[in-house]
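Below you'll find the structure, written out as structure tokens, and then a few comments.
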Amino acid sequence: MANALTSAWSKLVSGFQTRFVTRLRARFPEFFGKLPAFVQLTRLDRPIGILLLLWPTIGALWIAAEGFPSLSLLLIFSFGTAVMRSAGCCINDYADYKIDGHVDRTVNRPLARGILTRKDAMACFMFLSAIGFFLVLLTNWTTVLLSFGAIIVISIYPFMKRLSNLPQLVLGVAFSWGILMAFTAVTGAVTAAAILLFVANALWTIAYDTQYAMVDREFDKEIGVKSTAILFGDADKVIIAMLQVMFVLAMYLAGQRFDLGTAYNLSLLIASGLLAYQQYLIRERTPGQCFKAFLNNNWVGAVIFVGIALSYF
199 MANALTSAWS KLVSGFQTRF VTRLRARFPE FFGKLPAFVQ LTRLDRPIGI LLLLWPTIGA
259 LWIAAEGFPS LSLLLIFSFG TAVMRSAGCC INDYADYKID GHVDRTVNRP LARGILTRKD
319 AMACFMFLSA IGFFLVLLTN WTTVLLSFGA IIVISIYPFM KRLSNLPQLV LGVAFSWGIL
379 MAFTAVTGAV TAAAILLFVA NALWTIAYDT QYAMVDREFD KEIGVKSTAI LFGDADKVII
439 AMLQVMFVLA MYLAGQRFDL GTAYNLSLLI ASGLLAYQQY LIRERTPGQC FKAFLNNNWV
499 GAVIFVGIAL SYF
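Each residue of the sequence shown is one higher than the last, beginning at 199 in the working numbering.
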């Protein structure tokens with residue numbers, strides 16, 4: 199009987215979905231035709247950027263709440279992180295539409311191939327930003343005010359690659375802004391210790407995005423794109439190592455300020471091992487290995503988050 203009911207329910211849902219999607223496709227054929235390209239534009243098929251943004255943000259939520267945060271805030275910040283990272287990808291491709299066609303790694307992006315237009319990218323950016331703003335309205339006014347700073351930093355980052363050798367610094371600020379918003383959402387204020395977490399995360403972001411920039415360094419030189427990978431030159435590995443050491447030290451000091459325990463310190467030790475492994479990967483500066491080192495930072499963020507969460511058990 200139960201199996202029959204389950205089967206009937208599945209058929210009902212499947213039939214509804216088929217009819218619903220068919221009607222939507224008929225009404226919005228152009229949008230559905232471009233849907234795979236929008237997925238690629240927003241990098242939903244490559245969630246590494248979402249994860250790198252998510253781990254420190256929800257870690258800050260845990261610390262600010264001194265344990266498991268409210269489910270509503272956890273959902274708001276998790277979904278908001280994904281939405282705003284995707285929005286950042288839209289404005290990035292909007293700015294880089296002439297550049298991406300000249301770089302092997304980005305030549306197949308939707309704007310570079312002409313599948314989507316700059317108007318499409320801007321519309322997607324505005325739509326996702328509106329969703330993000332709606333989500334932040336569910337918190338408090340201090341967090342809402344902070345969100346304007348976030349959208350400004352996200353918007354200017356892609357253009358910094360033409361103006362400054364330090365676009366990774368701007369990205370560091372953008373990828374750390376959620377930490378400040380997490381604290382204001384929970385406590386209503388940004389403390390000195392929260393700023394320490396912000397600085398630590400910015401240092402880490404600069405380090406891993408420099409690894410990312412090392413992948414395209416030779417192409418970037420040819421087309422005039424600036425980055426810390428070009429700025430640091432032969433000192434790139436040493437400076438990345440220095441940034442990583444400062445990141446771990448700042449995270450340790452933050453842990454002391456927030457009275458995080460042994461589990462957290464152990465997570466920093468494991469993260470340090472992963473960062474050392476990244477130095478091994480980039481030793482020859484080969485693009486593939488530099489990209490592998492960049493991807494490895496997902497585990498750094500995940501390990502530290504687990505250490506934070508376990509500290510409150």
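For glycine and all other residues, C-beta sits at the position ideal for the given N, C-alpha and C.
Coil, strand or helix - residue i by DSSP
{"i": "Pro234", "result": "helix"}
{"i": "Arg307", "result": "coil"}
{"i": "Glu482", "result": "coil"}
{"i": "Pro517", "result": "Given a span of 199 to 511 for the chain in the structure shown, any question on residue 517 remains unanswerable."}
{"i": "Asn463", "result": "helix"}
{"i": "Asp318", "result": "helix"}
{"i": "Val498", "result": "helix"}
{"i": "Thr337", "result": "coil"}
{"i": "Ile349", "result": "helix"}
{"i": "Lys296", "result": "coil"}
{"i": "Ser362", "result": "coil"}
{"i": "Val342", "result": "helix"}
{"i": "Arg455", "result": "helix"}
{"i": "Phe266", "result": "coil"}
{"i": "Leu222", "result": "Caution applies to Leu222, whose pLDDT of 47 falls short of 50 and renders its modelled position unreliable; the model cannot decide the point."}
{"i": "Ser509", "result": "coil"}
{"i": "Arg283", "result": "helix"}
{"i": "Ala387", "result": "coil"}
{"i": "Leu394", "result": "helix"}
{"i": "Val301", "result": "coil"}
{"i": "Pro356", "result": "helix"}
{"i": "Ile261", "result": "helix"}
{"i": "Leu242", "result": "coil"}
{"i": "Gly312", "result": "coil"}
{"i": "Ala491", "result": "helix"}
Anticipated Cβ contact below 8 angstroms, residue i with residue j, distance rounded
{"i": "Asp298", "j": "Ala310", "result": "4 angstroms"}
{"i": "Pro180", "j": "Ile350", "result": "As displayed, the chain neither begins before 199 nor continues past 511, which places residue 180 out of reach and without an answer."}
{"i": "Ala400", "j": "Ser374", "result": "5 angstroms"}
{"i": "Val501", "j": "Ala474", "result": "So it is not a contact: roughly 13 angstroms between Cβ atoms."}
{"i": "Cys288", "j": "Leu239", "result": "6 angstroms"}
{"i": "Leu493", "j": "Ile246", "result": "6 angstroms"}
{"i": "Leu364", "j": "Tyr355", "result": "So it is not a contact: roughly 11 angstroms between Cβ atoms."}
Within 7 angstroms, strictly: CB atoms of residue i and residue j
{"i": "Thr340", "j": "Gly386", "result": "yes"}
{"i": "Leu466", "j": "Tyr450", "result": "yes"}
{"i": "Gln442", "j": "Thr408", "result": "no"}
{"i": "Ala461", "j": "Leu395", "result": "no"}
{"i": "Leu233", "j": "Ser284", "result": "no"}
{"i": "Phe357", "j": "Ala293", "result": "yes"}
{"i": "Gly347", "j": "Met282", "result": "no"}
{"i": "Lys424", "j": "Lys359", "result": "yes"}
{"i": "Ala372", "j": "Ile352", "result": "yes"}
Close Cβ partners of residue i (< 8 angstroms) along its chain, the five nearest in sequence each way excluded
{"i": "Leu259", "result": "Pro267, Leu271, Leu272, Phe275, Ala380, Ala383, Val384"}
{"i": "Val301", "result": "Asp414, Phe417, Asp418, Ile421"}
{"i": "Ile313", "result": "Lys232, Ala235"}
{"i": "Val334", "result": "Ile274, Gly278, Thr341, Val342, Ser345, Met379"}
{"i": "Thr389", "result": "Phe381"}
{"i": "Asp243", "result": "Val237"}
{"i": "Phe323", "result": "Ala285, Cys288, Ile289, Tyr292"}
Same chain, Cβ closer than 7 angstroms to residue i, five either side skipped, listed in chain order
{"i": "Lys490", "result": "Leu479"}
{"i": "Ala391", "result": "Ala452, Arg455, Phe456"}
{"i": "Leu252", "result": "Ser276, Thr279"}
{"i": "Phe445", "result": "Ala398, Leu401, Trp402, Ala405"}
{"i": "Phe503", "result": "Trp253, Ile256, Gly257"}
{"i": "Asp434", "result": "Thr408, Met412, Ala427"}
{"i": "Ile506", "result": "Gly257, Trp260, Ile261, Leu458, Tyr462"}
{"i": "Arg316", "result": "Tyr292, Tyr295, Leu309"}
{"i": "Arg303", "result": "Val413, Asp414"}
{"i": "Arg241", "result": "Gly247, Ser284, Cys287"}
{"i": "Met320", "result": "Tyr292"}
{"i": "Val305", "result": "Asp298, Gly299"}
Residue i Cβ short of 6 angstroms to the ligand HEM heavy atom set
{"i": "Ala452", "result": "No copy of the ligand HEM appears in this structure; indeed no ligand is present at all."}
Own chain, CB closer than 6 angstroms to residue i, minus 5 neighbours either side, in chain order
{"i": "Pro485", "result": "Val413"}
{"i": "Ile438", "result": "Ala405, Thr408"}
{"i": "Ala263", "result": "Val384"}
{"i": "Gln476", "result": "Ala491, Asn494"}
{"i": "Trp497", "result": "Leu472"}
{"i": "Tyr519", "result": "What the structure shows of the chain is the stretch from 199 to 511, and residue 519 is not part of that stretch, so it cannot be assessed."}
{"i": "Phe430", "result": "Ile437"}
{"i": "Cys488", "result": "Gln409, Met412, Val413, Ile480"}
**Report entry** Segments of 3+ residues assigned as beta strand (DSSP E) that fall wholly inside the stretch 399 to 448
**Finding:** none
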